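Colleague: Reading the sequence shown from the start, the letters are residues 476 to 751 in the numbering used here. Please read through the structure below; I'll follow up with questions.
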Amino acid sequence: MGWTVEWIPRVDSTNRELRRRVARGRGVGDRTVLAAREQTAGRGRHDRVWHAVPGRDLTCSLFVRTKAPPTRMPSLGMAAAAGVARFVEDLGVEAGLKWPNDVLARGHKLAGLLTVSAGGAAGGAVIGLGLNVNMTRAGAEAIDQPATSLRIELGREIPVEPLLDDLLRTAGPEIDRWRERGFNAVRATWERLGQPPGASLCRLDSGAGETGTFAGFGADGQLLLRDGDRLREVWSGEWGEPTDAGFARNPGGWKSSGQRSDDSRKGRDPRSGKSS
């Protein structure tokens, strides 16, 4: 089954607009995609601003009808991220995954996803996606953390609208498998492309100072961290290797595409999220 895609010229946020439509019962069926050529108020995790160059980067949101319990919902975004990573690999780009919602290329941020619940009669979830498609090297260097784009990795311009159609053909089946099997459907992809077991991780956001050794993923995609003899589950927060901590603790604020976030209190964390 395919996806119904609608492109609109301009919107505050594709996530917000799609959720509004779902709440109003405005003809939003399963597998609906809303994509915008320009997004003026996109947000990522922790309400961080997401900036994209109009018409040159991909900002879109997918509606997925599901009655999965709340504990299972975070892994829906992980399934979509796995699909994006596989698509990037199919293009010939070295891909990676960073928990819970980042897609990397050679260790640099390429895309971010954000999953939120959507009410209304069609209840389900909206998955927001921001993908750097045609960002230039100058644009990437203006960002205060390692970032990249498909153009940088492949050395050529890429038309954005056909790219979305191709991406859905790869990411869509990952979401379908998630409906049937939950996180276990994409566990192998996350284990292959994510942090290796035994990696030292530290918390980069408000819980900075917490540390642990990565011990894998739980049944619903939660991080498993070992601290001495104790194994604990982590469901939230920004976690990365200690070398990433400088981003979180720099008082200059988080940036994207050369723009300063309006929430510098949260620190300069790796560029996350998408448009919501």
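Yeah, the Cβ is synthetic: ideal placement off N, Cα and C, and Gly gets one too. Just so we're clear, the structure is a prediction, and the values are computed from it rather than from any experiment.
According to DSSP, I483 sits in a beta bridge with which residue or residues?
Modeller: For I483, which the question treats as bridged, DSSP gives the partners A511.
Colleague: Mapping the DSSP letters down to three states, classify V559 as helix, strand or coil.
Modeller: Three-state DSSP puts V559 in a helix.
Colleague: What would DSSP say about A498, mapped onto helix, strand or coil?
Modeller: Reduced to three states, the DSSP call for A498 is helix.
Colleague: Helix, strand or coil for I633 per DSSP?
Modeller: Looking at I633 - three-state DSSP - the assignment turns out to be coil, as it is neither helix nor strand.
Colleague: Candidates P544, V568, R644, G587: which alpha carbon is nearest M553's?
Modeller: If we check each option's Cα against that of M553, G587 comes out closest.
Colleague: Since L699 and G712 should fall inside the 8 Å C-beta cutoff, what is the C-beta to C-beta distance between them, to a whole number of angstroms?
Modeller: About 14 Å separates the two Cβ atoms, so there is no contact after all.
Colleague: Judging by CA-CA distance, which residue of I650, D680, K573, D702 is the nearest neighbour of R667?
Modeller: Comparing Cα-Cα distances from R667 to each of I650, D680, K573, D702, the minimum goes to K573.
Colleague: Count the other CB atoms, across all protein chains shown, that sit within 10 Å of the CB of W665; report buried if there are 16 or more and exposed otherwise.
Modeller: Buried.
Colleague: Starting from the C-beta of E494, find all residues in its chain whose C-beta is less than 6 Å away, skip the five residues before and the five after it, and write them out in chain order.
Modeller: This sequence places Arg at residue 494; Glu is not what is there. Correct list, in chain order: A593, V601.
Colleague: Check whether the Cβ of R631 lies closer than 7 Å to any Cβ atom in chain D.
Modeller: The displayed structure is made up of one protein chain only, and chain D is not part of it.
Colleague: How many angstroms separate the CA atom of E616 from the CA atom of G582?
Modeller: About 15 Å.
Colleague: If you draw a straight line from the C-alpha of D651 to the C-alpha of G571, how long is it?
Modeller: For D651 and G571, the distance between alpha carbons rounds to 21 Å.
Colleague: Along the chain, where does the beta strand (DSSP E) containing R581 start, and where does it finish?
Modeller: Element bounds for R581: n/a, residue is neither H nor E.
Colleague: What separation, rounded to the nearest whole angstrom, lies between the Cα atoms of Q620 and G598?
Modeller: Each residue's Cα considered, the two are about 36 Å apart.
Colleague: Which class does L625 belong to by DSSP, given the choice of helix, strand or coil?
Modeller: In the structure shown, L625 sits in a helix (DSSP, three-state: H, G or I).
Colleague: Can you give me the Cβ contacts of E492 inside the same chain, cut-off strictly under 7 Å, excluding the 5 residues immediately before and after it?
Modeller: Counting only Cβ-Cβ distances below 7 Å, and skipping sequence neighbours, we find V486, L509.
Colleague: With the cut-off set at 7 Å, would you say V608 and V635 are in Cβ contact?
Modeller: Result yes, Cβ atoms of V608 and V635 sit closer than 7 Å.
Colleague: Could you tell me the distance, in whole angstroms, from the CA atom of E685 to the CA atom of R547?
Modeller: Each residue's Cα considered, the two are about 25 Å apart.
Colleague: Report, in whole angstroms, the separation of the C-beta atoms of L639 and V568, which I expect to be a contact under 8 Å.
Modeller: In fact, because the Cβ distance is near 17 Å, the residues do not count as touching under 8 Å.
Colleague: Cβ of F538 within 7 Å of Cβ of L642?
Modeller: Contact flag unset, no.
Colleague: Return the residue from the list P671, A660, E649, R512 that minimises the CA-CA distance to L606.
Modeller: Out of P671, A660, E649, R512, R512 has the C-alpha closest to the C-alpha of L606.
Colleague: Please report how far the alpha carbon of D695 lies from the alpha carbon of R701, in whole angstroms.
Modeller: For D695 and R701, the distance between alpha carbons rounds to 17 Å.
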